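Below is one structure, written out as structure tokens; comments come after it.
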Amino acid sequence: MSANTNTDILLAGAVAAFTVDLLVYPLDTLKTRLQSPDYKKRFTNGATNTLNKAAMFRGLYQGVGSVIIATLPSSGAFFTTYEAVKHNMTVYNPTLKGDTKLLPQPIIHALASSTAELVSCAILTPAEVIKQNAQMVDSSAASKTNATVQTLQRFRSNPLGLWRGYTALAGRNLPFTALQFPMFERLKVYIRDYRDRRGIRTGTLLESGLITATSAGVAGSISAVVTTPIDVVKTRIMLAAAENAANETPDAKQKTIGKAIKSGGEGLVDAVGHTMKKKISKKSSMQIGREIVAEHGWRGLWRGGALRAVWTMLGSGLYLGVYESGRIYLANRRGAKIEEDELL
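In the numbering used here, the protein residues as written are 3 to 346.
Structure representation (structure tokens):
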């Protein structure tokens, strides 16, 4: 039986998420800008075709507020669901001949993390859409309005557009977590056994945190590289969500029709038809993927992969390291007995 309460898990998950958001967020902003369809136009010098460092590295914390607000409950929901599903599936996993279980432990970890991810994504999707669009706001422009506020204004007439990226986010995170968590759990056991064999295991909270951080970082970076093409498509979908929402406002539709009227009525029927069809003209993930390949080749699907691997290694290591250490610390404060396997 776990020594942790749901409150321990929620608090540890929230602290871990807050820590990672503050420290690793700038790398995520750079990754979003690299993967955006406007990267070449916005962040390179047309004449020399070199990186425009001033534009690329400006406003690296744009949109961080929305993520902090959303990741606190979403991370708590993730870990609460993950621990509960993992515990129940382990307890009720039927035994076959000998000590063989029906479901291998890696399958349990993959199913538990996938279930938790579906719950977490429902909370996190609006913040992800706001964040990635805020990361692309030109902070050098004359407007003094906060980047997050500017993004929210684009969804005023269509707030449900904030959830447009749910399928894309879940489509990226499900394979990511299904790969990461079995590797993560296996690496923890391997490192523990290795230190046991060498006689150097201390069983301290610090050791537990370091082993968890190392295992999570390695597993996270490998999973990040493998799922980079899905992440590139997800970024395009979320950036397009704000553009679609802005185009669906009454003002935008009136402008389209107004231009046709000013031009003497030419194309008026087409303009009206265009505004009516705009809602159903959203592209699928496969269509966006094909467009990226057509425009940039297969390498376009891997854009930002190296940067994503680095920030995921740092982020996952910090995230799960702080989470694991936090829940053990909170249990110790209550005087609860920590089981051997919970130290890792």
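No residue lacks a Cβ here, since even glycine has one placed at the ideal position from N, Cα and C. As the structure is a prediction and not an experimental result, all values here were calculated from the model.
Residue i in three-state terms, based on DSSP
i, result
"K103", "strand"
"L62", "coil"
"T7", "coil"
"L171", "helix"
"T31", "helix"
"L332", "helix"
"N135", "helix"
"T46", "strand"
"T92", "helix"
"T52", "strand"
"A262", "Because the pLDDT of A262 is 45, which lies under 50, any placement of that residue in the model is unreliable, and the number read from its coordinates should be weighed accordingly. Three-state DSSP puts A262 in a helix."
"T229", "coil"
"T97", "strand"
"P128", "helix"
"F157", "coil"
"G317", "helix"
C-beta contact flag for residue i and residue j at 9 Å
i, j, result
"G65", "A136", "yes"
"T229", "R174", "yes"
"T216", "I202", "no"
"Q37", "D233", "yes"
"S327", "L208", "yes"
"A112", "T73", "no"
"T214", "Y325", "yes"
Residue closest to residue i, alpha-carbon to alpha-carbon, out of the options
i, options, result
"S126", "L309, L98, T314, T169", "In the sequence as displayed, the identity of residue 126 is Leu instead of Ser. When each option's Cα is compared against that of L126, the closest is T169."
"S318", "V235, R238, F183", "F183"
"A14", "L162, G211, L53", "G211"
"T83", "V312, K55, N160, L12", "L12"
"A242", "L62, H89, K133, V69", "K133"
"A86", "S115, K99, Y63", "S115"
"A79", "M91, A124, N51", "A124"
"K33", "T237, P128, L171, P108", "T237"
"V220", "W313, E130, N334, K284", "W313"
Separation of residue j from residue i, as counted between CA atoms
i, j, result
"T21", "Y321", "7 Å"
"H298", "R292", "10 Å"
"I239", "M288", "11 Å"
"F157", "V139", "15 Å"
"W304", "R310", "10 Å"
"L120", "A49", "45 Å"
"L332", "N6", "8 Å"
"R147", "S141", "Looking at the sequence itself, residue 147 is Thr, so the reference to Arg does not match. Those two C-alpha atoms are separated by around 9 Å."
"R60", "V295", "29 Å"
"E245", "Q152", "12 Å"
Within-9 Å CB hit, residue i to chain B
i, result
"F183", "In summary, chain B is missing from the structure at hand, where a single protein chain is found."
Near the ligand GTP: residue i beta-carbon under 8 Å from a heavy atom
i, result
"A72", "Inclusion of the ligand GTP in the displayed structure is not the case, the ligand content being empty and no account of it being possible."
| message | For the structure I just gave you, are there three or more beta carbon pairs, one from the stretch 31-44 and one from the stretch 82-98, closer than 8 Å? | response | No, the stretch 31-44 does not touch the stretch 82-98.
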